[in-house]
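Accompanying notes for the structure given below.
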Amino acid sequence: MSKFRTLDDLGDDLGDVTGKVALVRVDLNLPMQEGRASDVTRVEAVKETILELSDKGAKVLLLAHFGRPKGQRHSTMSTSMVQGDVERVLDKEIMFIPEVSGPVVEQSIGILRDGDIGLLDNVRFWPGEEANDPEFAKAIAVHGDFFVNDAFSAAHRAHASTEGLAHFLPAYAGRAMEAELKALDAALGAPQTPVAAVVGGAKVSTKLDVLENLVGKVQHLIIGGGMANTFLAARGVDVGKSLCEHDLTDTANRIMDTADHAGCTVHLPYDVVVAKEFAANPSSLRVCNVHEVAADEMILDVGPLAVEALGDVLKTCRTLVWNGPMGAFETEPFDAATVALAKTAAALTQDGSLTSVAGGGDTVAALAHAGVKDEFTFVSTAGGAFLEWMEGKDLPGVAALNK
Ligand code: ADP
Ligand code: MG
């Protein structure tokens, strides 16, 4: 992993930061219900960084996007909507500042005392943010003494507040960003081998780049979910009316060939859970060998024998990276394979034999449903940024923090 600057480097670089202005990029894009956040996980994630800087006496200016205002002011997308939620999590009053640059920001900094926290308005109200306009970044940067990025979830975007600011100010990873980067490095950067990857979810087409990156890096590629059907079909299995991208059979074969050459074993299910209709506990439910799926049946989960065999594979591995559920886990009993394999991975992690890193919107929900979200080494809630990292891409917001 290329080295990046963290808050531990602040003292050496800048000395005492008392009274200095920290511009801190955070993720406050909270899901809202009736004017209040329905989930404050993202605020909790950045709490440590904000309080650490505040305790050091810096004036902390929070910079975030909220919704998709596309370069225009919208009162419903002001970050003031989440001010109360941020105050509750931090247990501190903060000052809302309805701009990101200019005289209003300058005056507000004058009013803030050392250690106080200000919340700037939605940085995406200005078109320069998403265009990564250097003039826009500079106009924000003049107010700060240093820049801290604690929003890994926005690091796949080269925007003014995620990348541009780092060109004008000394830039540091916040504590949440630091933890995320360390966990991701332990999973795919410099992992202990053997490494297993579990890739599931609905479609191959959304995860082609993930699969192509992983086959060159891991020793075991476990494919589940709807995308396994496409791979099974490519191997000549009749998958009935399962979700399947028949136009991608060549691609699936090419991925399996690449894996072969790279010494990566691809694991596909050999027994599956099928039904004639997609509903909770349907009367047509049965478990069968993949070669016995009837024309009017669909595969909705990996079968119990395959799950057991996959658990044995994980027992031989030191590292696991997981994206995508093994079955249609939102509907019972098609959560069984995901829950069982997640529990095995969690137990191995707790025993100390496995480093487990997982991410993806539905994957996080599935691990929470299995009750093991806190038993994995690291669960990323970053969504798009996590997937781009799994695709092996350089994230501009991370590259900007390199030493
Ligand atoms: P993530 O958000 O973690 O990246 P995806 O969005 O790729 O995951 O995939 C999750 C979806 O895949 C879930 O909605 C799940 O129901 C669906 N899925 C998994 N297995 C199957 C299957 N066999 N048939 C249809 N849908 C499936
Ligand atoms: Mg999803």
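Quick note on the numbering used here: the sequence shown kicks off at 43 and runs consecutively. Ideal Cβ placement from N, Cα and C applies to all residues, glycine included.
{"Query": "Whole-number beta carbon distance between Phe-188 and Leu-211, since they are thought to touch under 8 Å", "Result": "5 Å"}
{"Query": "Cβ contact (3+ pairs, closer than 8 Å) linking the segment 333-353 and the segment 283-293", "Result": "yes"}
{"Query": "First through last residue of the beta strand (DSSP E) which encompasses Asp-343", "Result": "340-344"}
{"Query": "The segment 412-432 touching the segment 170-180, judged by at least three CB pairs closer than 8 Å", "Result": "no"}
{"Query": "C-beta neighbour in chain B for Asn-174, strict 8 Å", "Result": "Of the chains in the structure shown, none is chain B; there is only one protein chain."}
{"Query": "beta-carbon Pro-311 near the ligand ADP non-hydrogen atom, thresh 7 Å", "Result": "no"}
{"Query": "Distance CB(Arg-115)-CB(Ser-203) smaller than 8 Å", "Result": "no"}
{"Query": "Reduced DSSP category for Phe-108 - H, G, I as helix; E, B as strand; rest coil", "Result": "coil"}
{"Query": "Whole-angstrom C-beta distance between Ile-297 and Leu-226, which should lie under 8 Å", "Result": "Rounded, the Cβ-Cβ distance is 22 Å, inconsistent with contact."}
{"Query": "Length of the line joining the Cα atoms of Trp-431 and Leu-443", "Result": "16 Å"}
{"Query": "Runs of beta strand (DSSP E) lying entirely within the segment 126-210, each at least 3 residues, in chain order", "Result": "137-139, 159-162, 188-191"}
{"Query": "Rounded distance between the beta-carbons of Gly-243 and Asp-404, thought under 8 Å", "Result": "7 Å"}
{"Query": "beta-carbon Asp-251 near the ligand MG non-hydrogen atom, thresh 7 Å", "Result": "no"}
{"Query": "Close Cβ partners of Phe-194 (< 6 Å) along its chain, the five nearest in sequence each way excluded", "Result": "Met-219, Glu-222, Ala-424, Ala-427"}
{"Query": "Same chain, Cβ closer than 7 Å to Arg-328, neighbours up to 5 away in sequence not counted", "Result": "Val-316"}
{"Query": "Residue of Val-281, Val-240, Val-308, Asp-175 minimising C-alpha distance to Thr-380", "Result": "Val-240"}
{"Query": "Ile-159 to Leu-65 span [Cα, whole Å]", "Result": "10 Å"}
{"Query": "Run of the alpha helix (DSSP H) containing Asn-255, from where it starts to where it stops", "Result": "250-257"}
{"Query": "Which of helix, strand or coil DSSP assigns to His-116", "Result": "coil"}
{"Query": "Best match in Met-74, Pro-73, Thr-91, Glu-350 for proximity to Leu-52 [C-alpha to C-alpha]", "Result": "Thr-91"}
{"Query": "Neighbourhood of Gly-374 by C-beta, 7 Å cutoff - its chain only, sequence neighbours within 5 removed", "Result": "Note that residue 374 is Glu in the sequence shown here, rather than Gly. Hits under 7 Å: Ala-322, Asn-323."}
{"Query": "N- and C-terminal bounds of the beta strand (DSSP E) containing Asp-515", "Result": "Nothing can be reported for residue 515, as the shown portion of the chain is limited to 43 through 445."}
{"Query": "Gly-152 beta carbon near the ligand MG (any heavy atom closer than 7 Å)", "Result": "no"}
{"Query": "Sequence-distant residues of its chain with Cβ nearer than 8 Å to Glu-94 (five each side left out)", "Result": "Leu-49, Arg-217"}
{"Query": "Host beta strand (DSSP E) of His-288 (start-end)", "Result": "Premise fails: His-288 is in no beta strand (DSSP E) and is neither H nor E."}
{"Query": "Helix, strand or coil at Val-349 according to DSSP, with G and I counted as helix", "Result": "helix"}
{"Query": "Limits of the unbroken alpha helix (DSSP H) element including Arg-67", "Result": "Not the alpha helix (DSSP H): Arg-67 falls in the beta strand (DSSP E), residues 63-67."}
{"Query": "Per DSSP, the bridge partner or partners of Thr-446", "Result": "No answer is possible for residue 446: it lies beyond the span of the chain, which begins at 43 and ends at 445."}
{"Query": "Neighbourhood of the ligand MG [Cβ distance below 5 Å to any heavy atom], ordered by chain position", "Result": "Gly-403, Asp-404"}
{"Query": "Secondary structure of Phe-428, DSSP reduced to three states", "Result": "helix"}
{"Query": "Closer than 7 Å: Gly-282 CB and nearest the ligand ADP heavy atom", "Result": "no"}
{"Query": "Same chain only: Cβ atoms within 7 Å of Ala-348, ignoring 5 sequence neighbours per side", "Result": "Pro-311, Tyr-312, Asp-313"}
{"Query": "Range covered by the alpha helix (DSSP H) that runs through Val-88", "Result": "83-97"}
{"Query": "Local Cβ density within 10 Å of Ser-110, reported as buried at 16 or more and exposed below that", "Result": "The question names Ser, but residue 110 in the sequence shown is Arg. Classification for Arg-110: exposed."}
{"Query": "Straight-line Cα distance separating Gly-305 from Pro-73", "Result": "43 Å"}
{"Query": "Three-state secondary structure (DSSP) of Thr-121", "Result": "helix"}
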